[in-house]
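Q:
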Amino acid sequence: MKRCKEMSDSMKELLEQVQSGILSVDEALLQIKKAPFVDIDYAKVDLHRKARQGNAEVIYGAGKTVDQMKGIVDAMLASGETSILITRLDKDAGHILEKQYGLVYYEVAGLGIIGGALTKSGLGKIVVATGGTSDIPVAEEAAITAEFYGNEVVRLYDVGVAGLHRLMAHLEEIMDASVIIAIAGMEGALASVIGGLVSCPVIAVPTSVGYGASFEGVSALLSMLNSCASGVSVVNIDNGFGAGFLANRMNHMEAKS
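Per this note's numbering, the sequence shown starts with residue 8, numbered consecutively.
#1: Assuming Leu92 is part of the beta strand (DSSP E), what are its boundary residues?
#2: When you compare the CB positions of Val212 and Ala169, do they come within less than 8 Å of one another, or not?
#3: Report the rounded CA-to-CA distance for Leu54 versus Thr94, giving the unit in angstroms.
#4: Can the beta-carbon of Asn258 be found less than 8 Å from the beta-carbon of Leu118?
#5: Give the single residue among Glu147, Val52 and Asp97 whose Cα lies nearest to the Cα of Glu88.
#6: Can you give me the Cβ contacts of Glu64 inside the same chain, cut-off strictly under 6 Å, excluding the 5 residues immediately before and after it?
#7: Got a sec? Which residues, its chain only, sit under 6 Å from Leu21 by beta carbon, not counting five neighbours each side?
#8: To the nearest angstrom, how far is it from the Cα of Ile188 to the Cα of Val134?
#9: Use the C-beta contact count for Glu148: other C-beta atoms within 10 angstroms, 16 or more gives buried, fewer gives exposed.
#10: Just to check my reading of the structure: Ala191 and Thr214 have Cβ atoms closer than 8 Å, yes? What is that Cβ distance to the nearest angstrom?
#11: Please classify Glu194: is it buried, with 16 or more other beta-carbons within 10 angstroms of its beta-carbon, or exposed?
#12: List the endpoints of the continuous alpha helix (DSSP H) containing Asp74.
#13: Is Ile201 closer than 8 Å to Ala150 when the C-beta atoms are compared?
#14: Classify Lys51 as helix, strand or coil using the three-state DSSP reduction.
#15: Can the beta-carbon of Gly217 be found closer than 8 Å to that of Ile244?
#16: Assuming Met182 and Val205 are in contact, meaning their beta carbons sit under 8 Å apart, how far apart are those beta carbons, in whole angstroms?
#17: Between which two residues does the beta strand (DSSP E) containing Ala184 stretch?
#18: Can the beta-carbon of Asn158 be found less than 8 Å from the beta-carbon of Asn255?
#19: What first and last residue would you give for the beta strand (DSSP E) that runs through Phe222?
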């Protein structure tokens, strides 16, 4: 029987349990028929996202009250989710959730994790590089997101083009990467420089770091979109989470039959 590589691990596990006799066909069917989402009035928590996409729903904390986040967390835990990522989480909310759920709060990144990271399973290493120290909050959002999904991450901070020798001192780490996340503000040149050196995918993240004419990251965004280096893709301004999530998917790619 041809194995469907795109099927999520959770669905594979369910089918394997039926095959081995741990679950009956009816019991498995009941699990599949469970509501695809739970409606808690202010949110519809997607319970089938892991089955469709391989990863559970991520909670975007900005704009949500602590009580709203608690309701979403409770719904996810009740559905059997054991590892939960909350992005754009402020310090006060993080400490409240820490007391109730054992959440680990990463202040620099503005991230919270309940239940710990997933088991390491990435095919290679993800390198997260920044142009400057001021880009580190976005970089940590990307790095911790990638680590949460089971990837090994190498951090190369403050290796921007204003001192190119700093980047060249880390050629071994760069050449050894499976995916590189290049994070920079100002003119955003770091992504093009790295893209011209490596054979792996490069994810460029423009940041809002810079003086007036940087237009809060628009200048870096346009520079990265116009990169002359092949193999460079671009996410939105300050979107460290998006870059970390995309790098994770790239680092878990397998050939499909």
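Backbone N, C-alpha and C define an ideal beta-carbon position, used for all residues, glycine too.
A: In short:
#1: Ile91 to Thr94
#2: no
#3: The C-alpha of Leu54 lies about 18 Å from the C-alpha of Thr94.
#4: no
#5: Val52
#6: Asp53 and Arg56
#7: Ala35
#8: 6 Å
#9: Flag for Glu148 reads buried.
#10: 7 Å
#11: buried
#12: Val73 to Ala85
#13: Going by beta carbons, Ala150 and Ile201 fall outside the 8 Å limit.
#14: Lys51: strand per DSSP, three-state reduction.
#15: No, the pair does not count as a contact, with Cβ atoms beyond the cut-off.
#16: 6 Å
#17: Ala184 to Ala191
#18: yes
#19: Segment: none, Phe222 is in no beta strand (DSSP E) and carries neither H nor E.
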